[in-house]
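Novice: Residue numbers (the numbering used here), protein chains in the order written: chain H, 923 to 1177; chain W, 923 to 1177; chain C, 923 to 1177; chain Y, 923 to 1177; chain X, 923 to 1177; chain A, 923 to 1177. All C-beta atoms, glycine included, are put in the ideal place defined by N, C-alpha and C.
There are 6 protein chains.
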Amino acid sequence: MSEVMMDRMSWVDYRSRIEQGNAVVFLPCGSLEQHGPHLPLGVDAMLSTAVAREVAVRVGGIVAPALSYGYKSQPRCGGGQHFPGTTSLDGDHLSQVVRDVIRELARHGVTQVVLVDGHYENQWFLIEGIDLALRDLGVDHAMRIMRTEYWDFCTEEVLGEVFPDGFPGFALEHAAVIETSLMLHFHPELVWMDKIPDVAPVEFPPHDMYPPHTHWVPTSGVLSSARGASAEKGALIVDAVCAGFADAVRREFGG
Amino acid sequence: MSEVMMDRMSWVDYRSRIEQGNAVVFLPCGSLEQHGPHLPLGVDAMLSTAVAREVAVRVGGIVAPALSYGYKSQPRCGGGQHFPGTTSLDGDHLSQVVRDVIRELARHGVTQVVLVDGHYENQWFLIEGIDLALRDLGVDHAMRIMRTEYWDFCTEEVLGEVFPDGFPGFALEHAAVIETSLMLHFHPELVWMDKIPDVAPVEFPPHDMYPPHTHWVPTSGVLSSARGASAEKGALIVDAVCAGFADAVRREFGG
Amino acid sequence: MSEVMMDRMSWVDYRSRIEQGNAVVFLPCGSLEQHGPHLPLGVDAMLSTAVAREVAVRVGGIVAPALSYGYKSQPRCGGGQHFPGTTSLDGDHLSQVVRDVIRELARHGVTQVVLVDGHYENQWFLIEGIDLALRDLGVDHAMRIMRTEYWDFCTEEVLGEVFPDGFPGFALEHAAVIETSLMLHFHPELVWMDKIPDVAPVEFPPHDMYPPHTHWVPTSGVLSSARGASAEKGALIVDAVCAGFADAVRREFGG
Amino acid sequence: MSEVMMDRMSWVDYRSRIEQGNAVVFLPCGSLEQHGPHLPLGVDAMLSTAVAREVAVRVGGIVAPALSYGYKSQPRCGGGQHFPGTTSLDGDHLSQVVRDVIRELARHGVTQVVLVDGHYENQWFLIEGIDLALRDLGVDHAMRIMRTEYWDFCTEEVLGEVFPDGFPGFALEHAAVIETSLMLHFHPELVWMDKIPDVAPVEFPPHDMYPPHTHWVPTSGVLSSARGASAEKGALIVDAVCAGFADAVRREFGG
Amino acid sequence: MSEVMMDRMSWVDYRSRIEQGNAVVFLPCGSLEQHGPHLPLGVDAMLSTAVAREVAVRVGGIVAPALSYGYKSQPRCGGGQHFPGTTSLDGDHLSQVVRDVIRELARHGVTQVVLVDGHYENQWFLIEGIDLALRDLGVDHAMRIMRTEYWDFCTEEVLGEVFPDGFPGFALEHAAVIETSLMLHFHPELVWMDKIPDVAPVEFPPHDMYPPHTHWVPTSGVLSSARGASAEKGALIVDAVCAGFADAVRREFGG
Amino acid sequence: MSEVMMDRMSWVDYRSRIEQGNAVVFLPCGSLEQHGPHLPLGVDAMLSTAVAREVAVRVGGIVAPALSYGYKSQPRCGGGQHFPGTTSLDGDHLSQVVRDVIRELARHGVTQVVLVDGHYENQWFLIEGIDLALRDLGVDHAMRIMRTEYWDFCTEEVLGEVFPDGFPGFALEHAAVIETSLMLHFHPELVWMDKIPDVAPVEFPPHDMYPPHTHWVPTSGVLSSARGASAEKGALIVDAVCAGFADAVRREFGG
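#1: Taking X/Ile940 as the query, report the chain A residues whose CB atoms sit under 8 Å from its CB, ordered along the chain.
#2: What residues in the stretch 1052–1073 of chain W bring their beta carbon closer than 7 Å to a beta carbon of chain A?
#3: Secondary structure at H/Arg975, three-state DSSP: helix, strand or coil?
#4: Would you say C/Pro987 and Y/Leu954 are within 8 Å of each other, going by their C-beta atoms?
#5: Any idea which residues DSSP pairs A/Cys951 with across the strands?
#6: Are the Cβ atoms of X/Pro1090 and X/Ser1146 separated by less than 8 Å?
#7: Does W/Asp1014 come within less than 8 Å of chain A when only Cβ atoms are used?
#8: Using a C-beta to C-beta distance shorter than 8 Å, which residues of chain Y count as neighbours of C/Ala1170?
#9: Can you check whether the CB of C/Ala1153 is closer than 8 Å to the CB of C/Pro1110?
#10: Over the uninterrupted beta strand (DSSP E) stretch that includes C/Val1105, give me the two end residues.
#11: Taking the beta strand (DSSP E) that X/Arg1069 belongs to, which residues open and close that run?
#12: Please confirm if Y/His1129 has its CB atom under 8 Å from at least one CB of chain X.
#13: Could you work out which residues of chain X lie near A/Pro1134, taking near to mean beta carbons separated by less than 8 Å?
#14: Using the C-alpha atoms, what's the distance from C/Asp1116 back to Y/Arg939?
#15: Is there a Cβ from chain H that is less than 8 Å from the Cβ of C/Glu1083?
#16: Can you give the Cα-Cα distance for A/Met1105 and X/Ser1142, rounded to whole angstroms?
#17: In chain order, what residues of the same chain lie with their CB nearer than 8 Å to the CB of C/Leu1048, ignoring the 5 residues before and after it?
#18: Kindly indicate if chain X contains any beta-carbon less than 8 Å away from that of A/Ser970.
#19: Would you list the one or two residues that DSSP bridges to Y/Thr1009?
#20: Which same chain residues end up closer than 6 Å to X/Asp1155 when comparing Cβ atoms and leaving out the 5 residues on each side of it in sequence?
#21: I'd like to confirm the pairing. Which residues does DSSP put opposite A/Gln996 in its beta bridges?
#22: Give, in chain order, every residue of the stretch 1077–1107 of chain W whose Cβ lies closer than 9 Å to some Cβ of chain H.
#23: For W/Trp1046 and chain A, any beta-carbon pair shorter than 8 Å?
#24: Specify whether the stretch 927–939 of chain X and the stretch 982–999 of chain X touch according to this definition: at least 3 beta carbon pairs, one from each stretch, less than 8 Å apart.
#25: Assign A/Glu976 to buried or exposed, taking buried as 16 or more other Cβ atoms, counted over all protein chains shown, within 10 Å of its Cβ.
#26: Which residues, in chain order, does the stretch 980–1001 of chain H contribute to contact with chain C at a C-beta distance below 9 Å?
#27: What three-state label does DSSP hand H/Met917 in the structure shown?
#28: Using a Cβ cut-off of 8 Å (strictly closer), state whether X/Met1026 contacts chain A.
#29: Looking at C/Met968 and C/Phe1108, is the spacing between their C-beta atoms short of 8 Å?
#30: Can you give me, in chain order, the residues of the stretch 1150–1166 of chain W that have a beta carbon less than 8 Å from any beta carbon in chain H?
#31: Residue range of the alpha helix (DSSP H) that Y/Asp935 falls in?
#32: May I ask you to verify whether the stretch 995–1011 of chain W touches the stretch 1054–1065 of chain W, counting CB pairs closer than 8 Å and requiring at least 3?
#33: Does DSSP put X/Asp1058 in a helix, a strand or coil?
#34: With burial defined as no fewer than 16 other Cβ atoms inside 10 Å of the residue's Cβ, what is the status of H/Pro1123: buried or exposed?
#35: Could you name the residues of chain H that W/His960 contacts, counting a contact when the two beta carbons are closer than 8 Å?
#36: Could you check the C-alpha separation between H/Gly1082 and H/Ile1159 for me, to the nearest Å?
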């Protein structure tokens, strides 16, 4: 199997891949953010990279190095900025990095880019970075960009199997069953099952407060329990997500 | 041996390390840049991370995720921006990311940070990012920051052994003997010795031209030959650099 | 009843309100965005202002002038930027305006601010503006900021009454039953019921494409039908939202 | 009479207006700024909108929502930033909003835009916003932009009638006879005649001081008395200004 | 007489001057802008520097190097950006340079700064630079800043002598009698009297157009004739301006 | 000899020079920075201007006004920011000024620009300014830009004569033999030979510290002694540098 990770290719090999035409470059977008006592800080970059890699293998794509730092963690989806270890960028700075990377890929001749977001808080700053890059390239440029939170490719069927008692929604799935299962699948040595906290799903009011009410967030940083996680569930999710994701890439970009 | 990579620690473990006091956090600063046909695009991030890791192990430090994208490649030190694969950031965007990361580390309680630069072109935008972060923190903040191009810790003795015919200077050491030897030491599977180009050391005039004269740069992207590289030389350089680097860290930060 | 709209108060009256202590200032955050053929472009500013006013009357607050321009419309929640009339700001510019307004309110002595978002796409740039403003003010400043999309205060009960056949979710509620009902309640002269398009709820795939696939969006710009809208439903929603909103303000800010 | 306010049109109606060709879009540029104890904080947005509306009616134009927040108030023309209620933007942020709005109007197909400034301090940041937008659009774009402080269309004759004892100059006309008369004409319910302060025209030295000498400014915030204001004078001024303004628009843009 | 030009002092001498207390640092703010066929492009930097120097001599001040590039030339006061040679900065960039210089002077211990503007178009971007610098320094900082267009210190009496037929106003005094007389006084070798164009005072309408109507501006770039200029008038103006300016500096800053 | 300084030409004369074709415009890039007790703060602007002027005379070029303020002084090459008098810009602000000036020169019809850097710390921010300007101009623009630190044109032969005991390297040549000799050649009245400090060449470790260790830098601010400086050496260096520089300009730009 040929290399899919861009940082592990020589520029000559990379050029060949681009010159063959139809290359799709995946940009994983992660964060450095608390993920409870049982998962490491780098989960979002690791998982978005792992998913990007799986999909790239299926569609013959290339995976650029992940953005390791993401937008500021919010209490209702990532626990908030008050946790030590969470290391975040200002929104505009994240957007500008995305803008630069896309513009550079365009210079290489790439016209098909996929942003694989693994950190919910990144979403709008990725959108803005894409929009600014497309403005730079001009309305007639061939560049087309796909963007997604990778978990959205999970099917209802799989969610039903993973959450036999009902799916609490992606909002609380921070360091919970899905991410923990995926880490058990991809990086089992970085999951400390004995440290999973016992936590009832957090309920947030319909408003945010700034500076955040830290008492709204469990001291563990986990928003709903990861107790139900398993490597098997991880494999199930990966299969569903990557199949759907690869299909969508093929549909959008041909090949 | 305990974990040194920050993205592989849980936030709880990271907090413990910070609370013990005297923690030193290393930030490797790389690039995605052509390194000839015999080395991968990610060399600078890989080597700055590897060196940071070695030094962190010696001084009990922590290594944050590398900045995988760096400042624009220049013909005289990195070959230039015209190579496919080279993927660079605007200077201010790089500085702002550095500023954000330092400010976040300060929020965690970290007061000792080391920027380990593995990409020559990054230097001044790292300096600016540091200056802006220190301005944000205020003149009375305890934060102290060390910054270096890691190869500057190499001793004259080792340079003499590595270059028996004389050291051509760091300026041309892009994808040449030092970086290739280090990659043979740290990531031998990512060095393709049979692809090393035969190139006489490039001589540049005392001025730059923009848009760059691409004919000033060998088509391989290599500025002087890597033929003399070996894993043994890599080990020699690593030992010298890491010893000197660790000493400097201890001298500056105690411990 | 005394004036609640800040732009209709003299500075002397405004100062009195602030000096009495406990003043809460509401900042409605709108957009200029297509809302189908049956609603005007200014819906989001009008509704966020109207709701802010209702709540301000209940809690003795002050309503600052709305931000009339918002972040870029997205296909899946606002139809997208390709519609004539949709007039949007770059994300950073929106954040900076929010930052400036909050910093100025702080200079007046205000320490309780509520951002009332009426345009889903604004959310993260408002969050960033708040974060930047709080950084400017310093960690010891008394400023506390509430932020919400106003419709999130709608109760399950009311949603049940408004959508007897089941609530399709807020995602598709652009220019649909809720916004149309609210406009019928607050600005009936600006609703053209005979122009409501017949549209089945749009289904979006789990990814975005840029430049947007305009064929994913109905040519009317409406994502699900507004046929079920009525002034009565508008009144029902307003009552529920404003009651819940005012309670939350009182709980957070006292008074 | 057909609608002239853009935020009250549906996107379909707006599109028709643009497609008819020759549409002129007016952007009122206001502020939220103290205007003495007898006028409300929103005077500049209200008056620039009212004038824009009158002129738009005469020339068949469209009025976009006003910029409700403007540049920082200066002692010699607006009293200064030390008054509670005055809520201002950084200059660059104001320019960027103007840039964005113009670029969006160009996307709609608009090529004739009029910035109607109602706040003297805005002037140069509007100019910069226009220049940046035109740079974005490129030198060959058809966009043409008119910009004015609306009061400059007042004739010498009318000024003679309004100020029988001699016109003190626009510099001191902050919250004074002209603005008060215009408010009596357009929004009489927002003028509190009994609160007009007795103030001799302020004389400023030929230099500014920062931080401002607040003692240079009357505590009322009024720079010369509004005692001579009347609704009749307001009508007189409006007639002269709008006639001259509409003529200029027709001359520049045809129609 | 001791040196007043900062760039001609050693840092040791500069430090002595600052340590004596009460030092006033003047920052001349110029431009590179067409000044007709009879005056050089650098007039604004030359004259603001010359005036600053005269005043600094009188009050024992220090003159920092001029800002040689200013804000964009406008038709009604500087002829416009379409003239070759006119070389201008974006407004924000000018403001940021001013901000940086003031912050650096504050670091040196300077608390009294005078911005001497010689280019009308600079005014508001200087004001913004000052405001941003003062925000950086914090509300409790001792820094006080004076700002002026130097010609505003000219007395009515002198204007009467210089313009025996009536003063047309500063607006048209671009490359006209005042600037030409001042150049004849300070830099006679850079005035080419035989090239002074014959031009009636230009009359501008009450609005601006962008892109500028270049036909509104005489092809010479001169807005009213400089025929009446003389070195004697230059001396007269200098005496009046510098006397008034020095008095104001003494009044504001003591000494 | 005709005028070479742009700020001393009328716009009409400047236009003639540009219209003749092949004009080369030099932009000297200086700083305001301590240069020991024996040299003035403005050395870098003075010397880069003087060298630019000499070269411009030889090649028929034009010298734009120097950038008088540069990037932040670093201990190892300029002594550091802790010296009073050193007055520096943020890196991005310097880059933006360069970007603006180049874009304006392009508007004049200039396609050959030379940045003459006289302050080592400026280098990378000039490079970035050039890159941003070229991006603005578009890939098809004819603009070509040369950039250099002027001293790099000094020949080995001359260095041998100037440093009979061996050349310590440019790194320590701050306010040392080369700059002092050049000042003795160009501005002897601004060199105070009796104040030259006795200082052994400073040795810096392979890393930087921030905030800087001020004890690493001699209190005089001089990094190696200027004792060997003389006007004769200055003449020698000027001849060599300007000859090489002019040759390079002719080679790159023809003529």
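Specialist: On the basis of the supplied data:
#1: Pro1006
#2: Ile1052, Asp1053, Leu1056, Arg1066, Ile1067, Met1068, Arg1069, Thr1070
#3: helix
#4: yes
#5: A/Leu989, A/Asp1039
#6: yes
#7: yes
#8: Here the premise fails: no neighbours, minimum Cβ distance about 25 Å.
#9: yes
#10: For the sequence presented, residue 1105 of chain C should be read as Met rather than Val. From DSSP, C/Met1105 is part of no beta strand (DSSP E) but of the alpha helix (DSSP H) over 1099–1108.
#11: 1066–1071
#12: yes
#13: None at all; the shortest Cβ gap to chain X is about 13 Å.
#14: 20 Å
#15: no
#16: 40 Å
#17: Cys951, Leu1016, Ser1017, Val1020, Leu1037, Asp1039, Arg1069
#18: no
#19: Y/Leu954
#20: The sequence shown places Lys at residue 1155 of chain X, rather than the Asp named in the question. Cβ neighbours of X/Lys1155 beyond the five flanking positions: Val1084, Ser1103.
#21: According to DSSP, A/Gln996 bridges with nothing at all.
#22: none
#23: yes
#24: yes
#25: buried
#26: Tyr993, Lys994, Gln996
#27: The first residue shown for chain H is 923 and the last is 1177, placing residue 917 of chain H beyond what the model contains.
#28: Looking at the sequence shown, residue 1026 of chain X is not Met but Glu. With 8 Å as the cut-off, X/Glu1026 counts as an interface residue toward chain A.
#29: yes
#30: none
#31: 933–941
#32: no
#33: helix
#34: exposed
#35: Ser932
#36: 11 Å
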